[in-house]
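So the sequences go chain by chain: A and B.
Just so you know, the first sequence maps onto residues 1 to 405 in UniProt numbering.
Just so you know, the second sequence maps onto residues 1 to 405 in UniProt numbering.
As structure tokens, the structure follows; a few thoughts come after it.
2 protein chains.
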Amino acid sequence: MHKPHVVIIGAGYGGIMTTVKLQKLFGKGQVKITLVNKEDYHYQTTWLHENAAGTLHHDRTRIPIKEVVNMNKVHFILDTVVSINPIEKKVKLENNELEYDFLVIGLGFEKTTFGIPGIEEHAFSIENINSARLIREHLEYNFANFHHEKVKDNARLNIVIGGGGFTGIEFAGELINRIPELSAEYDIEKALVRIIILEASSTVLQGFDPQLIEYAMTSLGSRGVEFITNASIKECTSDKVVYEKDGKQCEIPSKTIIWSAGVRANGIVEQSGFGTKQGKVEVKSDLRTPDYDDVFVVGDCAMIIDKKTNQPFPASAQIAIQQSSVVAHNIKALIEGNATKLFEAKSLGTVASLGHQDAIGVVLNNRKVFGWKASVMKKIIDNRYLYKLGGLGLVLKKGKFNFFY
Amino acid sequence: MHKPHVVIIGAGYGGIMTTVKLQKLFGKGQVKITLVNKEDYHYQTTWLHENAAGTLHHDRTRIPIKEVVNMNKVHFILDTVVSINPIEKKVKLENNELEYDFLVIGLGFEKTTFGIPGIEEHAFSIENINSARLIREHLEYNFANFHHEKVKDNARLNIVIGGGGFTGIEFAGELINRIPELSAEYDIEKALVRIIILEASSTVLQGFDPQLIEYAMTSLGSRGVEFITNASIKECTSDKVVYEKDGKQCEIPSKTIIWSAGVRANGIVEQSGFGTKQGKVEVKSDLRTPDYDDVFVVGDCAMIIDKKTNQPFPASAQIAIQQSSVVAHNIKALIEGNATKLFEAKSLGTVASLGHQDAIGVVLNNRKVFGWKASVMKKIIDNRYLYKLGGLGLVLKKGKFNFFY
Numbered sequence: 001m002h003k004p005h006v007v008i009i010g011a012g013y014g015g016i017m018t019t020v021k022l023q024k025l026f027g028k029g030q031v032k033i034t035l036v037n038k039e040d041y042h043y044q045t046t047w048l049h050e051n052a053a054g055t056l057h058h059d060r061t062r063i064p065i066k067e068v069v070n071m072n073k074v075h076f077i078l079d080t081v082v083s084i085n086p087i088e089k090k091v092k093l094e095n096n097e098l099e100y101d102f103l104v105i106g107l108g109f110e111k112t113t114f115g116i117p118g119i120e121e122h123a124f125s126i127e128n129i130n131s132a133r134l135i136r137e138h139l140e141y142n143f144a145n146f147h148h149e150k151v152k153d154n155a156r157l158n159i160v161i162g163g164g165g166f167t168g169i170e171f172a173g174e175l176i177n178r179i180p181e182l183s184a185e186y187d188i189e190k191a192l193v194r195i196i197i198l199e200a201s202s203t204v205l206q207g208f209d210p211q212l213i214e215y216a217m218t219s220l221g222s223r224g225v226e227f228i229t230n231a232s233i234k235e236c237t238s239d240k241v242v243y244e245k246d247g248k249q250c251e252i253p254s255k256t257i258i259w260s261a262g263v264r265a266n267g268i269v270e271q272s273g274f275g276t277k278q279g280k281v282e283v284k285s286d287l288r289t290p291d292y293d294d295v296f297v298v299g300d301c302a303m304i305i306d307k308k309t310n311q312p313f314p315a316s317a318q319i320a321i322q323q324s325s326v327v328a329h330n331i332k333a334l335i336e337g338n339a340t341k342l343f344e345a346k347s348l349g350t351v352a353s354l355g356h357q358d359a360i361g362v363v364l365n366n367r368k369v370f371g372w373k374a375s376v377m378k379k380i381i382d383n384r385y386l387y388k389l390g391g392l393g394l395v396l397k398k399g400k401f402n403f404f405y
Numbered sequence: 001m002h003k004p005h006v007v008i009i010g011a012g013y014g015g016i017m018t019t020v021k022l023q024k025l026f027g028k029g030q031v032k033i034t035l036v037n038k039e040d041y042h043y044q045t046t047w048l049h050e051n052a053a054g055t056l057h058h059d060r061t062r063i064p065i066k067e068v069v070n071m072n073k074v075h076f077i078l079d080t081v082v083s084i085n086p087i088e089k090k091v092k093l094e095n096n097e098l099e100y101d102f103l104v105i106g107l108g109f110e111k112t113t114f115g116i117p118g119i120e121e122h123a124f125s126i127e128n129i130n131s132a133r134l135i136r137e138h139l140e141y142n143f144a145n146f147h148h149e150k151v152k153d154n155a156r157l158n159i160v161i162g163g164g165g166f167t168g169i170e171f172a173g174e175l176i177n178r179i180p181e182l183s184a185e186y187d188i189e190k191a192l193v194r195i196i197i198l199e200a201s202s203t204v205l206q207g208f209d210p211q212l213i214e215y216a217m218t219s220l221g222s223r224g225v226e227f228i229t230n231a232s233i234k235e236c237t238s239d240k241v242v243y244e245k246d247g248k249q250c251e252i253p254s255k256t257i258i259w260s261a262g263v264r265a266n267g268i269v270e271q272s273g274f275g276t277k278q279g280k281v282e283v284k285s286d287l288r289t290p291d292y293d294d295v296f297v298v299g300d301c302a303m304i305i306d307k308k309t310n311q312p313f314p315a316s317a318q319i320a321i322q323q324s325s326v327v328a329h330n331i332k333a334l335i336e337g338n339a340t341k342l343f344e345a346k347s348l349g350t351v352a353s354l355g356h357q358d359a360i361g362v363v364l365n366n367r368k369v370f371g372w373k374a375s376v377m378k379k380i381i382d383n384r385y386l387y388k389l390g391g392l393g394l395v396l397k398k399g400k401f402n403f404f405y
């Protein structure tokens, strides 16, 4: 008897949670489950800004796949996906090729530079463990260089964040906590260090409640973060960023430009012939692709329209995790010849951290929260995910309990 | 009544110990003592290789001047010496000018590149706190970059030490202890990392006992250090080092070239018109310069011929510390109209560390020591210096007691 083969590509929030749900839904040997990922660990994308700032070690953010996936039930392949052939039901990997009966695409996002010259070569981005810890080391390296050079170069101490969205703001908040440590380590006066957020639109944190935006800007501003809005980045070089504001060209000397203004769905999806909008597959209500009944998409590669606003839900860990339950359930239903169930997003709220002990957010019933209380809620949300993924053991190992610092 | 003004320039081993001795010899107000240094801390040059490797924090190596110098008795000036005018008895600083009755020159060493192209721009050197911690961060930065780049670049993992003298060997020993940590931090297989010592002459540790050299090479070699002798460096670029061996040009891809093959006395001494040999002043037996009776030279800027061998004593912390006692005594003698005493070097032995728990050396009565025992002796020597400089308090604060790791 042919055992149905479920292949999950990508071990981000959507992929790993689908895998964990599937291994619970099926007894050993009922189906063949294969998980493919290019690293042997899952990581929490929403914590990477802390690793990049150096306020949290990346080993707290990543979780070895074998710790949460039952290797007796799931076959794990450490490899990189090259392309998908949905007609032949095959996935091509760098060193392998897989055939599937059901495919779950959870390939996540990648950065997009909008063709701005120099971003690709000179800017850093908070994408994964490798890029996050590189930012941490790049910062340290530049601080270490400052007093070593005969001519002091302020470009080494100016940190420019391109994009005042969620990630940019959260990263700035962490930097505020990190700079005093770096300054002490390298004998640099704190006042010499600048953190500058360049935002193309008229406000940071677009889409957030205006009152909360004001709170965030006041809080970060009072701790030294500079905001330049209506500023569109024109070019990055190895030691400066050029932007346009009010029709004028300006530049900031900086060796550390963090590009957090553009992400898009992993290009493999579009290149593999799926119908996409802005690179994403607009999935059916049961999270399958419109064209292929055996392919599910979760997380950043999936687009779901919010019927209330007629806008797509923003990509978030929360949505991906919610999707994974439905995907796992629907795969079981299809295998057993039952009807699939429909996905309905439940907003549990959104909290953006502003460094230690500060945050802003909207929680259940659209209640606004800010300050210490919000920072605690953020940590509770993070711990809740760890619980879902790996139970109490994982919460105790990787959870955040530093409510008071 | 004119109080004699004693100016000490440089707070290395010789300068700081002379200052500390002087403040003990004179009561408050008897003389005016001024110490000039370009940092507000003294540091142990002989520990810098550990800071560079990242096995010891630089705050253990440096000692704030105010912790060991009595600021009621000594006037400390944070400034950089530009030149000395021994005829007018003046010292020019970047932001000041001083007149002296007695001058103690303790300006230490600086690196010399022998004009090899690219060393100045691309190689690192273990000279001071700033350069040592930069090496530590440069190593981390390259390891952090390794997995971030699509094309893996082994130049990031090849560490080339140019010069197999004391510093080069000690640095290699520390690296052996550091590499496993770095490899774990950045998910890099230890076997990919290479530590290569390029030595121009036929052996490393020239001047050491052949049996001890063999021990050192076997010990480091067994832990993965590669030795290339009779190899003269021809050029450094940002990602390789070119050397010549047996008439052939070879190159090693490397972004980390540590130049430890050449130091010379601080150039200010020669430029200020003192008669020098190899940049050093061949001092009289009471440690004054032959031409100026009010100028003493200690440490790396002084040359003293060992009458037994007719060779100059090698520059060492030990000699500088011994000199400082004599200099302080002689300044007091001159002020009080007494005869100066003569300097006689006492060899207390030399120990080179080979990483944790291993070392080689020659101690009192030319007894050879190696292994763990030698490593303990090295630490005892280090602690003895701290005791001389700042008493038991300083030993407890900065001393080395990790005899067993």
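Beta carbons are placed, not taken as given, at the ideal position from N, Cα and C, and that holds for glycine.
Within chain A, the residues His147, His148 have their CB atoms less than 7 Å from the CB of Asn130 of chain B, given in chain order. Annotated three-state conformation of Ala52 of chain B is helix, per DSSP. For the pair of segments examined, the stretch 54 to 73 of chain B was found not to touch the stretch 248 to 256 of chain B: the number of CB pairs separated by less than 8 Å stays below three.
With contact defined as three or more Cβ pairs closer than 8 Å, the stretch 156 to 169 of chain A and the stretch 187 to 200 of chain B are not in contact. For Arg178 of chain B, the number of other beta carbons within 10 angstroms of its own is at least 16, and it is reported as buried. By the beta-carbon neighbour count (other beta carbons within 10 angstroms, threshold 16), Phe274 of chain B is buried.
Here the alpha carbon of Gly115 of chain B sits roughly 38 Å from the alpha carbon of Arg384 of chain B. A contact between stretches requires three or more CB pairs, one per stretch, nearer than 8 Å, and the stretch 367 to 374 of chain B fails this requirement with the stretch 232 to 245 of chain B.
Listed along chain B are Arg133, Leu134, Glu137, each with a C-beta nearer than 7 Å to that of Ala144 of chain A.
Closest by C-alpha distance to Ala191 of chain B, out of B:Tyr41, B:Lys3, B:Leu157, is B:Leu157.
Using beta-carbon distances, Tyr43 of chain A does not count as an interface residue toward chain B, since no partner is under 8 Å. Cβ contact annotation for Ile335 of chain A (same chain, cutoff 6 Å, sequence separation greater than five): Pro4, in chain order. Residue environment for Lys255 of chain B: buried (at least 16 other C-beta atoms within 10 angstroms of its C-beta).
Under the three-state reduction of DSSP output, Ile188 of chain B falls in the coil class, being neither helix nor strand. Taking a beta-carbon distance threshold of 8 Å, Glu140 of chain B counts as an interface residue toward chain A. Secondary structure of Glu174 of chain A (DSSP, three-state): helix. DSSP places Ser375 of chain B in the helix class (H, G or I) of the three-state scheme.
Among the bridge pairs identified by DSSP, Phe227 of chain B is matched with B:Ile197. For Glu120 of chain A, no beta strand (DSSP E) run applies; the uninterrupted alpha helix (DSSP H) run containing it begins and ends at 119 to 122, by DSSP. For the alpha helix (DSSP H) assignment, the uninterrupted runs of no fewer than 4 residues enclosed by the stretch 84 to 141 of chain B are, from N- to C-terminal side, 119 to 122. The three-state reading of DSSP puts Tyr292 of chain B in coil, since its state is none of H, G, I, E or B. Looking at the backbone, the Cα of Val362 of chain A and that of Ala53 of chain A are separated by about 25 Å. DSSP places Thr350 of chain B inside the beta strand (DSSP E), whose first and last residues are 349 to 353.
Of the candidates B:Pro180, B:Leu364, B:Leu35, B:Phe208, the residue whose Cα lies closest to the Cα of Gly349 of chain B is B:Leu364. Checking the DSSP bridge columns, you'll see Ala265 of chain A partnered with A:Phe109. Here the stretch 122 to 142 of chain B does not lie against the stretch 265 to 284 of chain B, with fewer than 3 beta-carbon pairs under 8 Å apart. Comparing alpha-carbon positions, the option among A:Lys346, A:Asp101, A:Lys90, A:Thr80 lying closest to Lys150 of chain B turns out to be A:Thr80. Contiguous beta strand (DSSP E) elements confined to the stretch 6 to 67 of chain B occur at 32 to 37, 41 to 43, 62 to 64, taking only those with 3 or more residues.
Inter-residue distance for Ser260 of chain A and Gly391 of chain B is about 53 Å (C-alpha atoms, whole angstroms). Per DSSP, reduced to three states, the secondary structure at Gly399 of chain B is coil, with no helix or strand assignment. If you draw a straight line from the Cα of Lys398 of chain A to the Cα of Lys66 of chain A, it comes to about 15 Å. Bounds of the alpha helix (DSSP H) holding Ile331 of chain B are 317 to 335.
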